[in-house]
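Residue numbers (this note's numbering): 333 to 513. Ideal placement from N, C-alpha and C gives every residue a C-beta, glycine not left out. Notes follow the structure.
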């Protein structure tokens with residue numbers, strides 16, 4: 333194991349008062365996986381950045397205060413148990429390996445306070461998820477999703493949407509007339 337990974341594990345295990353944690357581990361090294369046990373003491377965590385890592389285990393009641401999740405290159409096979417994100421406000425998943433049928437979409441849809449959703453450069457997406465539960469969404473970033481061909485019609489119901497970045501070249505279905513401009 334690399335020294336930075338071991339140090340990150342020890343840091344996570346050792347504190348209860350941490351509100352922000354940034355685990356930006358290097359790209360190209362072996363997969364780093366943090367478990368629910370390592371996050372057990374982080375009850376006050378509000379910001380979490382876990383780039384180039386994976387999370388595993390049952391996260392029941394563990395990240396209940398999390399407001400901002402920045403997960404650059406989230407693995408497509410990420411499927412934790414009880415990964416409840418109901419208080420999430422900002423979700424950044426740029427360059428992630430997620431797909432249309434990603435198991436975690438159902439957990440993300442519980443984030444009723446979500447204001448920012450960044451899916452930029454998620455090349456596994458060919459269509460967006462249903463946005464109907466994201467009534468507070470203000471920023472939707474889809475730039476660089478080169479395989480994205482369809483944006484769900486529920487985008488028209490995003491009455492609070494202020495920024496929409498869809499710099500994608502393959503889109504064939506987009507319901508612009510549903511958006512109030």
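field: For residue 369, three-class secondary structure by DSSP
entry: helix
- prompt: Do the CB positions of residue 380 and residue 394 come within less than 7 Å of each other?
  reply: no
message: Classify residue 411: buried if its beta carbon has 16 or more other beta carbons within 10 angstroms, exposed otherwise.
response: exposed
- prompt: What three-state label does DSSP hand residue 470 in the structure shown?
  reply: coil
Three-state class that DSSP yields for residue 435 in the structure shown: coil
task: Check the C-beta distance from residue 446 over to residue 423 and give it rounded, since I have them as a contact under 8 Å.
output: 6 Å
- request: Could you tell me which residues DSSP pairs with residue 385 in its beta bridges?
  value: 364
query: Comparing alpha-carbon positions, which option in 384, 351, 388 and 486 lies nearest residue 368?
result: 388
Residue 375 versus residue 352: straight-line alpha-carbon distance, rounded: 11 Å
task: Might you give, ordered along the chain, the residues of its own chain that have their beta carbon closer than 7 Å to the beta carbon of residue 407, omitting 5 neighbours on each side?
output: 386 and 429
query: Which term fits residue 335, buried or exposed, when burial requires 16 or more other beta carbons within 10 angstroms of its beta carbon?
result: Annotation note: pLDDT 45 at residue 335 (below 50); position unreliable, coordinate value reported separately. Residue 335 is exposed by the Cβ-count criterion.
message: Going by C-alpha to C-alpha distance, which of 466, 491, 373 and 470 sits closest to residue 437?
response: 466
message: In the DSSP assignment, the beta strand (DSSP E) including residue 352 goes from what residue to what residue?
response: 352-356
field: Sequence-distant residues of the same chain with beta carbon closer than 8 Å to residue 348, five excluded per side
entry: 373, 374, 375 and 376
- prompt: Per DSSP, what kind of secondary structure is residue 487 in: helix, strand or coil?
  reply: helix
message: Going by C-alpha to C-alpha distance, which of 490, 494 and 453 sits closest to residue 403?
response: 453
query: To which residues of the same chain is residue 464 closer than 7 Å at the C-beta, ignoring the five residues directly before and after it?
result: 486 and 489
message: Within the continuous beta strand (DSSP E) that includes residue 424, where are the two ends?
response: 422-424
Beta-carbon proximity check, residue 459 vs residue 495, cutoff 7 Å: no
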